[in-house]
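Listed in order, the protein sequences are those of chains A, E, G and P.
Note that the numbering used here gives residue 115 to position 115 of the first sequence, counting from 1, and the numbers run on in steps of one.
Positions in the second sequence are counted from 1; adding 321 to them yields the numbering used here.
Positions in the third sequence are counted from 1; adding 849 to them yields the numbering used here.
Positions in the fourth sequence are counted from 1; adding 1153 to them yields the numbering used here.
Where a beta carbon is used, it is the ideal one built from N, C-alpha and C, also for glycine.
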Amino acid sequence: MIFPDAIQIADSTIRLATPLLLACLAGLFSERSGVFDIGLEGKMLVAAFFSAAVAAVTGSVWLGLGAGVAAAMAFALIHAVASITFRGDQLISGVAINFLAAGMTVLIAQDWFEQGSRTPALTGAARFAPIRLPGADALSEVPLIGPFYADVLSGHTILVYAGLLAVPATWYILFRTRFGLRLRAVGENPAAVDTAGISVARLRFSAVLICGLLCGLAGAYLATGLAAGFTKDMTAGRGFIALAALIFAKWRPWYALGSCLLFGFLQAVSNRYSTIDLGLFEIPNAFVLALPYILTVVILAGFVGRAVPPRAGGEPYVKER
Amino acid sequence: MSAPAIELRGISKSFGPVRANRDISITVRPGTIHGIIGENGAGKSTLMSILYGFYTADAGEIRIHGNRAEIPDSQAAIRAGIGMVFQHFKLVQNFTVLENIVLGAEGGRFLSTSLEKARRLLKRLSDEYELHVNPDARIEDLGVGMQQRVEILKALYRQADILILDEPTGVLTPSEADHLFRILQGLKREGKTVILITHKLREIMDVTDTVSVMRRGEMTATVDTASTSAPELAELMVGRKVLLRVDKAPARPGDKVLEVDDLRVVDGAGVERLRGVSLSVRRGEILGLAGVAGNGQSDLLEVLGGMRAGTGRVTVNGTALALSGSGSDARTRRRRGIGHVPEDRQREGLVMDFHAWENVGFGYHNDRRYARGLLMDNAALRADAAAKIAKFDIRPADPWQTARNFSGGNQQKIVIARELEREPDLLLVGQPTRGVDIGAIEFIHEQIVALRDQGKAILLVSVELDEIMALSDRIAVMFDGRIMGERLPAETDERELGLLMAGIADTGRDHPVGEVEANLAGTAGKRE
Amino acid sequence: DLGGKFDKSFNESAYTGAQRWVEETGGDYMETELASEAQREQTMRRLAERGANPVVVLGFANASTLEAVAPDYPETTFVIVDSVVEHPNVQSIMFSEHEGSYLVGMMAAMASDSNTVSFVGGMDVPLIRKFACGYAQGAKATDEEVEVLVNMTGTTPAAWNDPVKGGELTRSQIGQGSDVVFAAAGGTGVGVLQAAADEGILAIGVDSNQNYLHPGTMLTSMVKRVDNAVYDAFEAAEAGNLQTGVQVKDLENQGVGYAMDQFNADLVSDEMTEAVETAKDRIIAGEIEVHDYTEDDSCPAIEF
Amino acid sequence: MQKLPRWADIVLIPAINLVLALVVSGIVVTFIGQDPFAALRIMVNGAVGSTYGWGYTLYYATNFVFTGLAVAVAFHAKLFNIGGEGQAQLGSLGVALVCLALPWPHWSLALLAAILGGAVFGAAWAAIPAYLQAKRGSHIVITTIMFNFIASALLVYLLVDTLKAPGMAPETARFPEGAHLPTAGDILALVGIPFSRTPLNVSFVVGLIACWLVWLLLWRTRLGYEIRAFGQSEPAARYAGISPVRITMLAMVISGALAGLMAVNAVMGEQERLLQDNVLGAGFVGIAVALMGRSHPVGVLIAAILFGALYQGGAELEFETSVPREMVVVIQALVILFTGALDGMVRSPLERAFLRYNRKPVSHAPAE
Ligand SMILES: Nc1ncnc2c1ncn2[C@@H]1O[C@H](COP(=O)(O)OP(=O)(O)OP(=O)(O)O)[C@@H](O)[C@H]1O
Ligand SMILES: Nc1ncnc2c1ncn2[C@@H]1O[C@H](COP(=O)(O)OP(=O)(O)OP(=O)(O)O)[C@@H](O)[C@H]1O
Ligand SMILES: [Mg+2]
Ligand SMILES: [Mg+2]
């Protein structure tokens, strides 16, 4: 691969990895607290819609962001109530949330904007603008590092940097604070937390709400950072890929960064090359497009082995049968 | 006299249809060790969990040092100076000792400062009470004895003044238990109050000042230990006179049925659970396998029962068993005449949501007598179930009840009925009477002995030394995946078995306790 | 067709035509959007049974269904856009997209400084390859050396509706040197045009005139007058003289073309206009033969 | 001692859940400015108000019976098969290949062969995630979702490159005359009952038979016994010599085969050619159907008819009003949410109520 291509793919990788990363960290909080979440997709989708809709109406991307985050957190709350308060099946609740998001976004979009399932295109202050990092122009002449800094790292919207910063932040919260200790404990053995006098439900609710918040950022980035408006089903399976990345990352923040970059890279490659020539035969376009999905399966089957999820994950906490 | 440390008045608690505690009142004097005894399911743990705020009572009131206390959650109990070591430890397995101890009592938002403070305090505490543990060890790498110390340290770290221990000795060797009791005496000297739950009468007689007896959810009596006796307590516990011996004729061992040679098992985490076990069982003989839980007995039963793979050589009636790959499954084992009463009936022995009649065929559902062409002959299975229910006096006598709806003892009877009725050449039995009341224990013991007298070979695993001593014709002791030694019941005693269980093979000498503990600390034994 | 009524492109164009007819004549029409493949038949039958006449169905994907449905409603006239259904009561409207695409391909090649132009398609189907093939031929005809990058968004109907991916594909093409991009991708195209505007390269819209979307970066639009076709069909039906059989809308009868308006006037040089107009005349005259991909599923200018 | 009487568990609770879901849906309809009662009337009328409505309702229901049974069988083995969509896609391929392979002399022969084709292809597509779960521990929920995407790519690839009929659309040629299934209209006309022209066809009968066979499988065969035991407790299954690998594989293969059979109805019975999306999300609806039907074949049948009505009514609603089709998706989501995830919200108060009424003194274990 020649150098400009590499730079270009790296740049695209970061853009595509960001929604995955935010969603993956969202899942990390929730699942570390023992609440499995296959509803990442749905939460991203509502966030994408509400951020685009409010940004379109008010002309302010920040108001849009707020609305998107609020919507994702509202959906997170449904999941929390179903799976924590009423001890429902977490997988089923997640599936329901995905459907609910898919239906509601279109319904409301049609009701508000009457443009099919679309919001009006966002322009100007209703979108996140790229940020040129300081010194990018000066450095761009330096060989190797220069283009990397100027073209790959610099020039993304603020949410990309927020996503990258969320990694160390998550690590710090999880492993260096009281809240993190309790959060990890409640995902491993809720009874231990309960007998220590801490409310299991409160902890899990906060974890699930943090998950909603991060999903909100991910969805808003899709609609107001990457694209300029909402379209039906625009998350296109990213929530599920994020989930696979989370498993691949063994529920650890830094690994999550690595695995999301990998998946972003796969998507970038599949965008960049419409067919891939392997010498012996050529991978046809349909399969290059499906490459991220195929590799997800390969990675889950081949490299992760039996990733050990948080021990109490998926099980509602019941102390009195 | 000062106000009672604890006073419970009229406590009641139901779990759905089960009334675990009924109108219980009890008074505990400060600075004493107060014992609570009762059969399994009598409601002891429930009562203590209410005191600790883990459950909330349906009715009743709690007074601490004379003041009425509301204990809606464990935080309130901790504030009131109560600490509890649960029967099933509440530790986070992949956290370090230190992390477990500070959990919920961190004292600050950021961990590093809390952990440092805790480390210093922990050192002081462990020196003071001889509770030495490595603060940076992970719980999953510690033996159960060590885990229990962590639980005690947790309570002391929270400055508990009343300490509740729920069946602390069930998983300890006799010498570990002795060490625990010395610690409790130390706490008592400091003026702390201790509530000790156990169903071992000897422990009650040795260490408590007063004792309360529970039966079927009710408090039957509270007496000064000095003024009572073990038989009297036993009678209070079960409500009638109990036979503490099993009547059995001397064994007449025949040919070897089971021969195990150099059996090894490695678990999923790569830890070697069996490190070269060799033993044999003859027909007409019960071999009892003693040991502290987690030393490999369970793994041995699982390999022999076809539930997990191992390496080595095992023969039954002279022909070798496949230990891994095809033909090593439980179904093939059954065809080879091996019956298996598993250690955990609810997890393994029964499908809890199946009807009793479905469970009666569990594991034998491929039998030709339950088949009708391609389909299963449910009618035949139901008829068989009805017969077994009658013969083993399983109550309620309703084959349509789901297994979940039988009491523990009756669930066990279903399993026993199923496995014993097949008249297997070799019967593997794990913890046959765990959680079963004394009446049912007698019945189950009789059935096992009767099977032996038919000339079958029986391998019995139990953590209850009393049960091993009473039933076995030969006793082998396991420690850390190995057989430490074999003894005849008549030629040994609990003290010697206890040393073997602690990993001390040379029982001729008296060992300083410190060395025993050093050994135990290395045990990878776990408790679920 | 799948892709939604407001895709700013194909479907929206038809809708505009219908609306224009309503406004001008005060007539009324029924419309419905398809959610999935399998509803095609149900919907067509319902419209026919409700007495709608004519029933206009949009998109090649309906052809096979219409073949089955049309015989059952001899009294109703059907109009299908983008496909041929041979039946006495069906009018089939075909557009010569390859010709229009050829022209915008020429413009792209002339406007390009980097000698690289690109194409983003929606779902990878023959119709879209027809667009791409015409575009590539036009570009190559202008300059043999021009490189034409082609990407399809996907292989499912979702590919008509994925602006995020459209934008990403465009950026990827820009990375490879492209400075003019032609989007024939339904709703996905919105993302393509947006990315082009963001990155400051030229873009070409499709079906409807999309020049107004991003004034200053929209080189032109390859228009396909679906609106006219729908309008004509409604009007002819009203007058009772709707012709059945195949109608080809091409450069000659202005069924396809390129859009010029105030939004792109500054971007298109006279030289360009001249070259394109000449080519247009020669195509109409049959002097230039633009190859139609769907004729033999192959393209002389590019490989798929 | 049962906490709830059986009828409450299988009738009362699902009914309450359903009502709750409909009430919330009504609120949504009101919210987007429509009259919920008018909407309900249109939907009910459209779904069951005419033979036309019934035909479509039962046609959709047939799809959902298959996908619902597929999810239900997997549920019994505690496997959450979200891959019904992809398995049905592959089933379509199998059905299409069979139908196009020969100039079938009679539909009955073609039907039998197509059943085989659909089942085998669907089963094969489920077998891979099953194998990965059983042997490699890859989470089946994620792999089956990925396989949905991959199935769609595979089908498009074939339709664009290999199987495409001449013409613009990525679809195969129409199936030969001999592979056309008789519709309800055709059959009922023989006995003189008029029935609207709808795609309801003999596959409905195949669906009913499938219900019966699944019931037989689960409660009358050794395999069913093993599947249920494994689903209840894996350690118990191992204790009884039931191989987790074998049951995981078999349960998923059966599940995939059932999902694949959906194509007999949709592809052979209705579309009569292979399209790129034949499944219409029925794979996902199957989840809701299995949940509502408590994973019992009879329950699945009833729930499938309910969802069929919902679909047909929804189509009608979209036609008559400006409520978009996605309303159906919302209702479906709410049904899943209330019957599946928020079940406890209804159940525990009910249990407490029943307990209060039945509070006889509890004999605390049988006496000695
Ligand atoms: N969380 C729970 N939910 C439902 N029932 C429970 C629960 N905990 C205990 N029970 C029931 O309450 C009764 C009393 O149980 P408890 O654990 O208090 O007994 P125990 O005296 O501690 O017995 P053991 O000696 O076995 O520990 C039993 O019938 C038990 O089945
Ligand atoms: N989880 C449960 N669900 C429903 N009913 C239960 C449950 N647990 C216990 N029961 C009912 O409560 C009664 C008491 O059960 P428990 O296990 O406490 O009996 P027990 O006194 O310990 O008897 P045993 O000595 O035979 O174990 C049983 O008869 C059983 O029907
Ligand atoms: Mg207890
Ligand atoms: Mg009991």
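8 Å Cβ cut-off: residues of chain A touching residue i
i                : result
D1011 of chain G : T231, M234, A236
M1480 of chain P : G103, L107
Contact list for residue i against chain E, beta-carbon separation under 7 Å
i               : result
E188 of chain A : V413, Q414, N415
Chain P contact for residue i (CB, 8 Å cutoff)
i               : result
T195 of chain A : no
P338 of chain E : yes
T119 of chain A : no
Where residue i sits in the DSSP three-state scheme
i                : result
A884 of chain G  : Per-residue confidence for A884 of chain G stands at a pLDDT of 49, beneath the threshold of 50, marking its modelled position as unreliable; no derived number is given.
E1120 of chain G : helix
H766 of chain E  : helix
H1449 of chain P : coil
R1159 of chain P : helix
A236 of chain A  : coil
K444 of chain E  : helix
E872 of chain G  : helix
Chain A residues whose Cβ lies nearer than 7 Å to that of residue i
i                : result
F1233 of chain P : L91
Below-8 Å beta-carbon distance, residue i vs any chain G residue
i                : result
F1348 of chain P : no
Q1242 of chain P : no
S12 of chain A   : yes
R1327 of chain P : yes
Closer than 8 Å to chain A by CB, residue i
i                : result
T865 of chain G  : no
Y1310 of chain P : yes
S1027 of chain G : no
G1394 of chain P : no
Interface flag, residue i vs chain E, CB-CB below 8 Å
i                : result
T177 of chain A  : yes
P1450 of chain P : no
A1530 of chain P : Residue numbering for chain P in the displayed model covers 1154 to 1521; residue 1530 of chain P lies beyond these limits and cannot be assessed.
T1374 of chain P : yes
A207 of chain A  : no
Exposure label - residue i; buried when at least 16 CB within 10 Å
i                : result
P393 of chain E  : exposed
E812 of chain E  : exposed
G900 of chain G  : exposed
Y1392 of chain P : buried
Interface residues of chain P facing residue i [CB-CB closer than 8 Å]
i                : result
P284 of chain A  : Y1310, D1314
D973 of chain G  : V1309, V1313
F49 of chain A   : Simply none; closest approach about 12 Å.
P1006 of chain G : Q1429, D1430
Chain-ordered neighbours of residue i on chain P, where CB pairs are closer than 7 Å
i              : result
R87 of chain A : G1497
Where residue i meets chain P, residues with beta-carbon distance less than 9 Å
i              : result
S83 of chain A : A1494
Chain-ordered chain G contacts of residue i [CB-CB under 7 Å]
i               : result
L222 of chain A : V1013
Extract the residue ranges of the alpha helix (DSSP H) inside the segment 666-745 of chain E, only unbroken runs of 4 or more that lie entirely within it. If we require 4 residues or more, the alpha helix (DSSP H) runs fully inside the segment 666-745 of chain E come out as 677-681, 699-712, 729-741.
Unbroken alpha helix (DSSP H) runs of length 4 or more, entirely within the segment 325-380 of chain E: which are they? As far as the segment 325-380 of chain E is concerned, its whole alpha helix (DSSP H) runs of at least 4 residues are 365-372.
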